[in-house]
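**Student:** The sequence shown begins at 155 in our numbering and counts up one residue at a time.
Note that CB positions come from ideal geometry on N, CA and C, so glycine has one too.
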Amino acid sequence: MKESKTGIFSEDEKESFYKVIFSRRDVRKNFVTKTISDKVLHKILLAAHHAPSVGYSQPWNFILIRNNDTRNLVKESFLKERLKAIDLIPNKAKRRDKYLNLKLEGILESDLNICITYDHSRFGPFVIGRMTIKEAGIYSVCCAVQNLWLAARVENIGVGWVSIIDNIDLGKILNLPSNVQPIAYLCLGYVKEFENRPDLESKKWLERMPLHAVINFEKWDNESETESSWNSLRNELKKQT
Ligand SMILES: Cc1cc2nc3c(=O)[nH]c(=O)nc-3n(C[C@H](O)[C@H](O)[C@H](O)COP(=O)(O)O)c2cc1C
155 MKESKTGIFS EDEKESFYKV IFSRRDVRKN FVTKTISDKV LHKILLAAHH
205 APSVGYSQPW NFILIRNNDT RNLVKESFLK ERLKAIDLIP NKAKRRDKYL
255 NLKLEGILES DLNICITYDH SRFGPFVIGR MTIKEAGIYS VCCAVQNLWL
305 AARVENIGVG WVSIIDNIDL GKILNLPSNV QPIAYLCLGY VKEFENRPDL
355 ESKKWLERMP LHAVINFEKW DNESETESSW NSLRNELKKQ T
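Spelled out as structure tokens, the structure:
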């Protein structure tokens, strides 16, 4: 990879970076039958492995799954968990029907499944930065997931995260040792096209919140914030949704 001497990104590079961020999607459909080459897969995994991690603990493993028997077992767990979740939807028949009609995984249709795991024992028990917040190890794995997701998008490969799977089932299916926890089950593959909007938005399940609704100034309670130095940003944010 060519690197600039100063480490400064050009305007074109910046633009490409934001394009990747905004065009990344969670993909569960439109997969095509094209194999991800080892060369491309290597690049994506290397990007994931360069994620930040608490105390540099690199607590992740990437289990690469192409075997159909394994995938069928994972799909069974998904189907079981999806049905269990229905009972938790507030008792509105329409909402339940909508949930059942959502496509929430691409376990069998995608080219490759990857289970990204967390190993709490790696380089432990003393890990710099993890002694107060024990979940910081899991946060690190999520950073690796996001790196993988974005690298895959650059390679025009769709990724879908399936969290409707029982971790106990996954542990058994994938022979995970007791110190290793599954964090993300991902389905990867080339796709016909990438959607412009999240599926859950186009299917009118939820909408993206306006940015201003999730920005707080100095403290949680925005009303108590009278500091005028934020006013310009506050007004700017309110103009856009
Ligand atoms: C931790 C996590 C778990 C998720 N689990 C699922 C899932 O089980 N099934 C699914 O269809 N999407 C799942 N998603 C994808 C979200 O639904 C998706 O990110 C969100 O709707 C926004 O869409 P976008 O990723 O295309 O921007 C998950 C995302 C995250 C971050």
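1) Going straight from the alpha carbon of residue 271 to that of residue 321, what length do you get?
2) Around the Cβ of residue 307, are there at least 16 other Cβ atoms within 10 angstroms (buried) or fewer (exposed)?
3) Are there any heavy atoms of ligand 1 lying less than 7 Å away from the beta-carbon of residue 307, as far as the coordinates show?
4) Tell me whether the beta-carbon of residue 260 lies closer than 8 Å to the beta-carbon of residue 357.
5) Could you give the distance in angstroms between the alpha-carbon of residue 193 and the alpha-carbon of residue 311?
6) Taking residue 239 as the reference, give the member of 385, 354, 318 with the closest Cα.
7) By alpha-carbon positions, which one of 214, 316, 363, 375 ends up nearest to residue 230?
8) Let me know the beta strand (DSSP E) ranges lying completely inside the segment 263–348, each 3 residues or longer, listed in chain order.
9) Please give the ranges of any alpha helix (DSSP H) in the segment 221–249, keeping only runs that are unbroken, at least 4 residues long and fully inside the region.
10) Can you determine whether any heavy atom of ligand 1 sits closer than 7 Å to the C-beta of residue 304, and answer yes or no?
11) Can residue 317 be considered in contact with ligand 1, in the sense that its beta carbon sits closer than 7 Å to one or more heavy atoms?
12) Between the segment 360–379 and the segment 199–217, do three or more beta carbon pairs fall short of 8 Å?
13) Report all residues from its chain with a CB closer than 7 Å to the CB of residue 253; omit the five preceding and five following residues, and keep chain order.
14) Return yes when at least one heavy atom of ligand 1 lies under 7 Å from the C-beta of residue 352, else no.
15) Should the segment 198–206 be called in touch with the segment 294–308, which here means at least 3 C-beta pairs below 8 Å?
16) How is residue 384 classed by DSSP in three states: helix, strand or coil?
17) Where residue 333 and residue 276 are concerned, what is the direct C-alpha to C-alpha distance, given to the nearest angstrom?
18) Touch check for the segment 169–185 and the segment 339–357: three-plus C-beta pairs under 8 Å?
19) For residue 337 versus residue 292, is the C-beta distance shorter than 8 Å?
20) Does the distance between the C-beta of residue 320 and the nearest non-hydrogen atom of ligand 1 fall short of 7 Å?
**Tutor:** Reading off the structure:
1) 11 Å
2) Within 10 angstroms of the beta-carbon of residue 307 lie 16 or more other beta-carbons, which makes it buried.
3) no
4) Taking 8 Å as the Cβ cut-off, residue 260 and residue 357 do not qualify as a contacting pair.
5) C-alpha separation (whole angstroms): 13 Å.
6) 318
7) Answer by Cα proximity: 316.
8) 266–273, 311–315, 334–344
9) As far as the segment 221–249 is concerned, its whole alpha helix (DSSP H) runs of at least 4 residues are 222–240.
10) no
11) yes
12) no
13) 240, 243
14) yes
15) yes
16) helix
17) 9 Å
18) yes
19) yes
20) False, no ligand heavy atom lies under 7 Å from that Cβ.
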